[in-house]
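Note sheet for the following structure.
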Amino acid sequence: MRRAAKIDANQPDIVKALLDAGCSVHSLAAVGKGMPDLLVGRCGANFLLEVKDGAKPPSERKLTPDQVEWHAAFRGQVTVVHSVAEAFHAVGL
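All the letters of the sequence shown, read from the start, carry residue numbers 1395 to 1487 under the numbering used here.
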């Protein structure tokens, strides 16, 4: 049996801010296996965001081994964000 997807503490704030800014946001956290946390749509473009909690020490913000492998194999763009400001920047806001 698969456990419920674990998300970083700041992810709900990032999702709310992106939605309030007019983006569409879909959580991919339940997919697991290194897949980024969020699929964000804005102005006809798609963005994959991996959310890490900027309040945690750097050692606790590292990508998991599955994430490292997924990011290395993916032929598109994935951005790691730690805050609403970084998420906005990643999607061009």
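For each residue, glycine too, the CB sits at the ideal point set by N, CA and C.
Rounded separation between residue i and residue j - CA only
i, j, result
"phenylalanine 1441", "serine 1421", "12 Å"
"alanine 1411", "cysteine 1417", "9 Å"
"valine 1462", "aspartate 1431", "13 Å"
"lysine 1446", "glycine 1470", "19 Å"
"arginine 1436", "proline 1451", "31 Å"
"serine 1477", "alanine 1466", "23 Å"
"glutamate 1480", "lysine 1427", "24 Å"
"alanine 1453", "phenylalanine 1468", "The sequence shown places serine at residue 1453, rather than the alanine named in the question. Approximately 24 Å between the Cα atoms of the pair."
"aspartate 1460", "glutamine 1405", "19 Å"
For residue i, the first and last residue of its enclosing beta strand (DSSP E)
i, result
"leucine 1413", "Per DSSP, leucine 1413 belongs to no beta strand (DSSP E); it is in the alpha helix (DSSP H), 1405-1414."
"alanine 1466", "Run containing alanine 1466: none in the beta strand (DSSP E); it sits in the alpha helix (DSSP H), 1459-1467."
"glutamate 1444", "1439-1445"
"glycine 1435", "1432-1436"
Assumed close pair residue i, residue j - CB separation to whole angstroms, cut-off 8 Å
i, j, result
"isoleucine 1408", "valine 1472", "About 15 Å; that fails the 8 Å criterion."
"phenylalanine 1482", "alanine 1415", "7 Å"
Residue i burial status per 10 Å Cβ neighbour count (16 or more: buried)
i, result
"leucine 1413", "exposed"
"valine 1425", "exposed"
"glutamate 1444", "buried"
"alanine 1403", "exposed"
"alanine 1449", "exposed"
Residue i - containing alpha helix (DSSP H), residue span
i, result
"histidine 1483", "1478-1484"
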